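To start, the structure itself, in structure tokens.
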Amino acid sequence: MNTTTVVTGIGVIAPNGMGADDYWASTLAGASGIGRITRFDPSGYPVRLAGEVPGFDPAEHLPRRLLPQTDHMTQLALVAADWAFADADVRPAELPDFSAGVVTASSGGGFEFGQRELENLWSRGSKAVSAYQSYAWFYAVNTGQISIRNGMRGFTGVVVSDQAGGLDALAQARRQIRRGSRLILAGGVDGAICPWGWVAQMTADRMSVSDAADRAYLPFDAEATGHVSGEGGALLVLEEAEVARERGARVYGEFAGYGATMDPKPGSGREPGLRKAIELALDDAAVSPTEVDVVFADAAAVSELDKVEAEAICDVFGAGQVAVTAPKTMTGRLNAGAASLDVAAALLSIRDGVIPPTINVECSPEYDLDLVTGTPRPARIRHAVVLGRGYGGFNAAVVVRAA
Amino acid sequence: MSRTFTVDDLARILREGAGEDGGLDESTVDISFDELGLESLALLEATVLIGQQFGVDLDDSVLTDVSTPKALIQTVNDRLLAAKAG
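Sequence lines, in order, name chains A and B.
Sequential numbering from 36 applies to the first sequence in this note's numbering.
Sequential numbering from 12 applies to the second sequence in this note's numbering.
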């Protein structure tokens, strides 16, 4: 049986917008959410800029009971999940038991919560450690908390593949829809803007040390100096197309293709895996490169990684033959939340017939990319490709198709 | 100095540790923690706070022995009395 998986709900929480509408309006306006870190004093750290979700008060959105037991990024995820279900007009708890599930991507779990409790352990002893530390730090915590809050006792899972994770989670969700799940919430909301999480991220040596918010994160620019990290992401409601149609759901688009690869061992001289991931995704969707109207880039802003990505795009689509964009220049890279937010943006691009811009960047002529910079570009979009790469060699590509 | 552990103390500690008290007051002390919606970690967190604030060392097994607020309050007060006598 040919199963078609569609997206019927979008929940976004991003540095430049709370909720999909707010995020999308900011993104089309080129409004950035990157600034100096406020969640801790960054003055003693080499990396001082981040994409923070501004003005988030969890007590406005969540029951008091959940607050002492959740990390900040889990609170963001719970709210994004609520918004996704509201957008899809579904109440998962009302579905048949075991028919609805959750798959989230994670990069490390609740670092801020974990750091606080480790500080309690060192300074005040084991009795001062919160009992909720037992799971609040854990990388699967968002899946668990969303599942409990929404009465979703079907398939649950978590994937850990850094910035590729948002795509890997959606693919896992599609697999479960094909196996008969009624509904899966999937994607990633992430963030670790606390000293412990921050130094962990810095070890990859890919973060920009610039203090200028409009110069720090410049993918595909000759002046690229690494990325800005951020918090937030997107969670999507996925359903089988016929099931969605029967309940009269609004459909944003189809999750039509997916490919994932691992890079070869460093120093092997073999080609990186990104091109193959794109080709696998196109094959999976039965789409030719000429039917793709936009690519949402991974956008590492590290020159050798930008080069790998530009070459993969040019190899598959032809030099300068497809529009490429990186709206994450307005949010920073959101770790496990990054790629699912780009999928949300791709679906909104399809809906509105417009490609959001890459801001602050002047595309280096070295790359042969048709990078959409400065202002949005009107375009009819039949298929969009979203790319995500994770530290350690993860590559993923997704094709979304207009409904 | 004689100190007792009251329903209000437990409710306050639950709010402090778990974010809510499950509607605990004199009229609900005989209702099980389960029915009040207070799960095991909320209670574990509460026993730690009771220990810190009242000087009563409650080990985890207390939670398997008591199932209602009334029983927990009684246990704490028994320990307080024992400590005073000892």
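All residues carry an ideal CB built from backbone N, CA and C; glycine is no exception.
Model, not experiment: these values are computed from the prediction.
- Taking C-beta atoms as the reference points, VAL47(A) and ALA379(A) count as a pair closer than 8 Å.
- The closest CA to that of ASP70(B), considering only GLN64(B), ILE84(B), GLU37(B), LEU55(B), is found on LEU55(B).
- In the DSSP annotation of this structure, HIS418(A) is not part of any alpha helix (DSSP H); the continuous beta strand (DSSP E) holding it starts and ends at 418-425.
- For the region 299-322 of chain A, the set of residues with a beta-carbon nearer than 7 Å to any beta-carbon of chain B is empty.
- Taking the CA atoms as reference points, HIS418(A) sits about 40 Å from TRP231(A).
- Residue pairing by DSSP puts PHE429(A) in a beta bridge opposite MET297(A), GLY425(A).
- ALA128(A) is outside the set of residues whose beta carbon lies under 8 Å from a beta carbon in chain B.
- The DSSP-derived three-state label of THR38(A) is coil.
- Taking ALA22(B) as reference, the option from ASP68(B), ARG14(B), THR79(B), SER72(B) with the minimal CA-CA separation is THR79(B).
- Straight-line measurement puts the Cα of ALA199(A) at about 21 Å from the Cα of THR62(A).
- One thing to note: VAL330(A) has its Cβ within 8 Å of the Cβ of LEU422(A).
- Close CB contacts of GLU50(B) within its chain, under the 6 Å cut and outside five residues either way in sequence, are absent.
- With a cutoff of 8 Å on beta-carbon distance, PRO324(A) and LEU317(A) are scored as near each other.
- Within the region 83-105 of chain A, the residues whose Cβ lies closer than 9 Å to any Cβ of chain B are, in chain order, PRO98, ARG99, ARG100, LEU101, LEU102, PRO103, GLN104.
- Sequence-distant Cβ neighbours of ALA276(A) in its own chain, meaning closer than 6 Å and more than five residues away, are THR39, VAL41.
- Shown here, LEU97(A) sits in coil according to DSSP, grouped into three states, outside any helix or strand.
- Within 9 Å of the CB of VAL59(B), the CB atoms of chain A belong to LYS162, ALA163, VAL164, SER165, ALA166, in sequence order along the chain.
- Shortest Cα-Cα distance from ASP225(A) to any of VAL114(A), GLU258(A), ARG71(A), PRO77(A) involves VAL114(A).
- Residue burial annotation: VAL433(A) is buried, with at least 16 other C-beta atoms found within 10 angstroms of its C-beta.
- In this structure, GLU87(A) lies near ILE228(A), with their beta-carbon atoms less than 8 Å apart.
- Chain A places a beta carbon closer than 8 Å to that of GLN63(B), counting this residue as a contact.
- With contacts defined as CB atoms closer than 8 Å, LEU382(A) and VAL435(A) qualify as a contacting pair.
- Around the beta carbon of LEU101(A), a 10 Å sphere encloses 16 or more other beta carbons of the protein chains shown; the residue is thus reported as buried.
- Contact residues of the region 27-41 of chain B toward chain A are GLY28, ALA29, GLY30, GLU31 (C-beta to C-beta distance below 8 Å).
- Taking 8 Å as the cut-off, the Cβ atoms of GLY70(A) and ASN51(A) do not count as close.
- Put simply, the backbone Cα of GLY223(A) is about 38 Å away from that of GLN63(B).
- Separation of ALA284(A) and GLY292(A) (C-alpha to C-alpha, rounded to the nearest whole angstrom) is 21 Å.
- The closest CA to that of GLN211(A), considering only ALA85(A), LYS342(A), VAL357(A), PHE290(A), is found on PHE290(A).
- ARG310(A) sits buried, since 16 or more C-beta atoms from the chains shown fall within 10 Å of its C-beta.
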